[in-house]
Structure formats: structure tokens, C-alpha cells
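Engineer:
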Amino acid sequence: MSNKPYYSSVTKKIIMSLMGLFLVTFLVVHLTLNSFLLFSNNLFNAGAHFMGTNAFIQVFQWVLFAGFAIHIFYGIVLQIQNWMSRPKGYKKRASMEQSAFSRYMIYTGLLIFIFLIIHLGNFFFVKMGWAGNGIPLTSNGEENMAQLVRSLFQHGGYVTFYVIMFLLMGFHLDHAFQSAFQTLGLNHKTYWGFIKGLSRVYAIVVTLGFVIIPLFVYFKIV
Amino acid sequence: MDLKLKIWRQASPTDKGQFVDYDVLDISPDTSFLEMIDILNDKLVEKGDDPVAFDHDCREGICGMCSMFINGHPHGPEAATTTCQLHMRKFKDGETIVIEPWRAKPFPVIKDLIVDRSAFDLIIQEAGYISVSTGGTPDANAVPIKRENAELAMDAAACIGCGACVAACKNASAMLFVSAKVSQFALLPQGKVEAKKRVKEMVAKMDELGFGNCTNTYACEAECPKEISITNIARMNRQFIGAKLG
Chain C
936 MSNKPYYSSV TKKIIMSLMG LFLVTFLVVH LTLNSFLLFS NNLFNAGAHF MGTNAFIQVF
996 QWVLFAGFAI HIFYGIVLQI QNWMSRPKGY KKRASMEQSA FSRYMIYTGL LIFIFLIIHL
1056 GNFFFVKMGW AGNGIPLTSN GEENMAQLVR SLFQHGGYVT FYVIMFLLMG FHLDHAFQSA
1116 FQTLGLNHKT YWGFIKGLSR VYAIVVTLGF VIIPLFVYFK IV
Chain A
117 MDLKLKIWRQ ASPTDKGQFV DYDVLDISPD TSFLEMIDIL NDKLVEKGDD PVAFDHDCRE
177 GICGMCSMFI NGHPHGPEAA TTTCQLHMRK FKDGETIVIE PWRAKPFPVI KDLIVDRSAF
237 DLIIQEAGYI SVSTGGTPDA NAVPIKRENA ELAMDAAACI GCGACVAACK NASAMLFVSA
297 KVSQFALLPQ GKVEAKKRVK EMVAKMDELG FGNCTNTYAC EAECPKEISI TNIARMNRQF
357 IGAKLG
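See below:
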């Protein structure tokens, strides 16, 4: 196979990193909305209603899907090229990677993709009327997303699956965040330590944030 | 000290190749790694066997010719050290040492532990130079250069082109090598004239030769015998973005 690419390796990586940082921003917005469930069902439903009806969000969600698609597409293309670049491996190879989770990005990425499909099936497809029995309604006849979420988080198996998937996401993010800055050329000794620290803090905060919500619901803390 | 060696033997580029076990006995801890292979080869020659083929030249850690993948590391387990500067005191008596050639599609095995690293030369030939109008020698201080840039350019120029970065990288990426060569010019006024053309052409050649894509694992920096920094990769990416944007 000719290795002459349409886009150069660096261009593909820059696209990957920009889409990745876009998704990193999206996760913060998503977590903020999810966290409303810790305070009240009404607040969570109001947030869901806003996201489901706001014209800007309605258009932007397709930009988001495109962001996911591009990130996943180039992630797979780059990985296949990387596998091809070493047809014969070593008999003995030490673990030399300095960014621990960088070794498993394609695997954590593919598992997150599977989770994303299931996650869309549980919520977005139900919302769109493509799957499930529709969203339950409140006594006022409004969509009760909080009840839909809470009913799913009653199942121990689902909560376990959800928590494991977000731990994998945390591993993915721990490498991804700082890696995007390196790819974009934003690495200088004066602030690189800060970016690496911020990457670790972001990964831990986002993972914990997403994980405590199903656990709090399951153990009836909220 | 006595050692067991598992060495990759491959008679030719098309030969399938295999690991062969050797025992080397009574080796002084002060022997260098390459001298230890020399001792083994003397024994093989005495027996009428084919000696182990391996690359070496200066044996002073500055030429970039030696290239063995030793116990899972390019140039062996000692940091910031080429194979020729590695000594047997870094190993334990009775230890089994696995010795392999660099593994990467653009670095095909020629024989045993020797790989063809011409791919690096092709990248340099593509654009890793400056075009100068020859004439009289300029005065040493005629072109002012910031001290910091002079140091960074010198650090990048310390790259000996051995290929350990490619060998270490799980993707067999050459980004550390190419970025060091881009940086040593980009940081100096003489290199700025052709900077945009250089970075685009060297990256394109690197891709064409079949090196993998950098995934920022930073294994290259950890294993580089000359401690070339990954900040060079970031600098090359910045240069590349600037060149593409005009």
C-alpha cells in the first residue's frame, strides 16, 4: 500500500487534537447538566428541556456528532498506519511510554465508542423516538428525563458498566488532554508542567463527576 | 561474568531469521557491550561459524552507528547511553540478554543486527539543509543569534541519527529525529529562509517512507542516547502549522 497520504501525518494529528479538545469541552457541558440531577429532578428536566429545544443546540449537536466521527475516523486511520509501520515486533520490549495510558488509546477509544452507541440508544434515540417506549412524563405532562435516568441507574449491572466505561474514559482523557497541546505545538518548559497537571486534574474531575451521579442514585443518596 | 545471549540471526534481507542462543563466559564487567560481542565473534570465527553482524564505528558514542535493541530497550537499559558506551557491569552475572535489530518498516534488516537506516538520509536529502551562496568566511559575530536559541539549536543538533527514537516508539515514528533536524535550522537565522519549505517536505518524506504517526507517548525522549527533547516535536508542529497557514 502506498503510504503517500492525502493529509500528512502531522495534519491528521492536528485534526485529531482539535476535535479532541472540542470533545473535551463538550464533556464539561455534559457533566454540568448531569450534575443538576444531584440537586433536583426539576432542575435536571429544565436543563434537558433547554438542550432538547434550543435552536442553537439543535444545530450544534450535529456539529458535535461530526466532531466525534472525525476524531474516531482519524484515530482508526492513524492506528492502522502505526500498526503497518512495524510489521515485525520485538521479542522483548520494555514499557518505555512516559504517558502511561498512551499505549491503550485505540482500545479505550473503541470501548468508549461502544459505550457512546449504547448511551445514545438509552437516551438520545429514545428522545428522538427511534427506540424505547418514549420519555416518561411528569404530572404536568412535560418530559421527565430525570425519571428515565433514575430508572436506568436502579440497575446494578448498568451502573457497574457505566462506572467502568467512565474509568476507561478517564484513562483516555489523562493522555488525550496534554497530548493535544503537544500536537498543536503548545509545549514550552515554562508551562508544560501546568498543562500536564491540568490534564490529570481534568481527567480525575470529569471521571469522578460522571461516576458519582449513578452511584448516588443507585445508593439512594440523591 | 557468564552470560546467556539470545541474538537475532538473519543471513540476508530475505532470510526468515531466528533467535540463536549463545553462552559467553568469563567476561570482565569492564568490557563494553560491543567488546563482549567481539569476544563472542572471535569464538565463532575460531569454530568456523559466521560471526554476528552488527553496526559500529566510532565507539565513542558520537557517530550514531551502533543500533542494538537490548533487553527491550534501544541501546540497552542505561539512559542517555549508546550501545558502544554500555558496559557489562550494568548486567547481572548469569543474566539472559535478548539482542534484536531495530524493528521498523523503513529500517529493513540487512543482516543479523544491521538495519538499513538510509531512510533518515533520504529525509535529510529532501530538505534537511540550508542553501547558501558560498563566498568568503563571514565574521563570527556578523549574524547576531540569541544565546538561548544558539543553545537550543545545539541541543537539537546533538541528534546523531541513530534511529533509537524509531526503534523505541510503539508506532515506529521518526518525529523526534525529523523535529531535531528541523529545529536545528529553524532556530537559527540561516535556516529561516527555507523554514516553511523544509518542514513540509521533510514531513512529507517521512510519511512517504512509511514511518508511523507520533502519538505523544514520549518513549523516544526517554530512550534517546542524546536526550533530544520532545519540545522539538512541538516546535516542528508549530512550524508545520505556520507553513500550512501561509
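Here the protein sequences come in this chain order: C and A.
One gets my numbering by counting positions in the first sequence from 1 and adding 935 to each.
One gets my numbering by counting positions in the second sequence from 1 and adding 116 to each.
Ideal Cβ positions, reconstructed from N, Cα and C, are used throughout, including at glycine.
1. Using a Cβ-Cβ cutoff of less than 7 Å, which residues in the same chain neighbour residue 355/A once the five nearest sequence positions on both sides are dropped?
2. Tell me, please, whether the CB atom of residue 1108/C is closer than 8 Å to any CB atom in chain A?
3. Could you name the residues of the region 1019-1034 of chain C whose beta carbon sits closer than 9 Å to any beta carbon of chain A, in the order they occur along the chain?
4. Can you have a look at residue 1115/C and say buried or exposed, based on whether 16 or more other CB atoms are within 10 angstroms of its CB?
5. Does the beta carbon of residue 959/C sit closer than 8 Å to a beta carbon anywhere in chain A?
6. For residue 333/A, return the contacting residues in chain C, with the cut-off set at a CB-CB distance below 8 Å.
7. From the DSSP output, in three-state form, read off residue 303/A for me.
8. Alpha helix (DSSP H) containing residue 248/A: first to last residue?
9. In the DSSP assignment, find the alpha helix (DSSP H) that holds residue 351/A and state where it starts and stops.
10. Taking residue 1042/C as the reference, give the member of 974/C, 1104/C, 1029/C, 1002/C with the closest Cα.
11. Report the rounded CA-to-CA distance for residue 938/C versus residue 329/A, giving the unit in angstroms.
12. Within the chosen definition, does the region 230-247 of chain A reach the region 208-222 of chain A through at least 3 CB pairs nearer than 8 Å?
13. According to DSSP, is residue 185/A helix, strand or coil?
14. Taking the alpha carbon of residue 130/A as the point to measure from, which residue in 320/A, 226/A, 204/A, 146/A has its own alpha carbon closest?
15. Note down, in chain order, every chain A residue with its Cβ under 8 Å from the Cβ of residue 1086/C.
16. Please decide whether residue 265/A counts as near chain C, where near means a Cβ-Cβ distance under 8 Å.
17. Curious, which full-length beta strand (DSSP E) runs of at least 3 residues does the region 199-287 of chain A contain?
18. Are residue 362/A and residue 278/A closer than 8 Å when you measure CB to CB?
19. Between residue 1038/C and the rest of its own chain, which residues show a CB-CB distance below 6 Å, the 5 nearest in sequence each way excluded?
20. Can residue 346/A and residue 1122/C be called in contact, C-beta distance under 8 Å?
21. Under a three-way DSSP split, which group does residue 190/A fall into?
22. Bridge partners of residue 1108/C, per DSSP?
23. So residue 213/A and residue 207/A are supposed to be a Cβ contact under 8 Å. How far apart are they, rounded?
24. Buried or exposed: residue 229/A, going by 16 or more other Cβ atoms within 10 Å of its Cβ?
25. Residues of chain C with CB closer than 7 Å to the CB of residue 308/A, please, in chain order.
26. So, does the CB of residue 1123/C fall closer than 8 Å to a CB anywhere in chain A?
27. So, helix, strand or coil for residue 952/C, using DSSP?
28. Return no unless some Cβ of chain C is closer than 8 Å to the Cβ of residue 214/A.
29. Residue 1071/C and residue 1083/C: beta carbons closer than 8 Å?
30. Determine the chain C residues that contact residue 301/A at a beta-carbon separation under 9 Å, and present them in chain order.
31. How far does the alpha helix (DSSP H) with residue 140/A in it reach, from first residue to last?
32. Since residue 349/A meets chain C, which of its residues come closer than 9 Å, beta carbon to beta carbon?
33. Go ahead and label residue 997/C buried or exposed: buried means 16 or more other beta carbons lie within 10 angstroms of its beta carbon, across all protein chains shown.
34. Would you call the region 1014-1029 of chain C and the region 953-971 of chain C touching, i.e. three or more CB-CB distances under 8 Å?
35. The beta strand (DSSP E) spanning residue 1156/C covers which residue range?
36. For residue 323/A, decide whether its Cβ has a neighbour in chain C, counting only Cβ atoms nearer than 8 Å.
Structural biologist: With the given structure in hand:
1. 298, 302, 311, 315
2. no
3. 1019, 1020, 1021, 1022, 1023, 1024, 1025, 1026, 1027, 1028, 1029, 1030, 1031, 1032, 1033, 1034
4. buried
5. no
6. The contacting residues are 1031, 1032, 1033, 1034, 1037, 1038.
7. coil
8. Segment: none, residue 248/A is in no alpha helix (DSSP H) and carries neither H nor E.
9. 347-360
10. Answer by Cα proximity: 1104/C.
11. Model confidence at residue 938/C stands at a pLDDT of 49, short of 50, so the residue's coordinates are unreliable; what they give is reported in the following sentence. Cα-Cα distance, rounded: 12 Å.
12. yes
13. strand
14. The shortest C-alpha separation from residue 130/A is found at 226/A.
15. Against residue 1086/C, chain A offers no close residue; the least beta-carbon distance is about 40 Å (beta-carbon pairs closer than 8 Å).
16. no
17. 212-217, 225-227
18. Going by C-beta atoms, residue 362/A is not nearer than 8 Å to residue 278/A.
19. Closer than 6 Å at the Cβ level, and outside the excluded window around residue 1038/C, lie 1032.
20. Taking 8 Å as the Cβ cut-off, residue 346/A and residue 1122/C qualify as a contacting pair.
21. strand
22. Answer by DSSP bridge pairing: none, since residue 1108/C is not bridged.
23. 6 Å
24. buried
25. None at all; the shortest Cβ gap to chain C is about 17 Å.
26. yes
27. helix
28. yes
29. yes
30. Per Cβ cutoff of 9 Å: no residues; residue 301/A is ~17 Å from chain C at best.
31. First-last for residue 140/A: 134-140, but that is the beta strand (DSSP E), not the alpha helix (DSSP H).
32. 1117, 1118, 1120, 1122
33. exposed
34. Verdict: no, contact absent.
35. No beta strand (DSSP E) holds residue 1156/C; DSSP gives it neither H nor E.
36. yes
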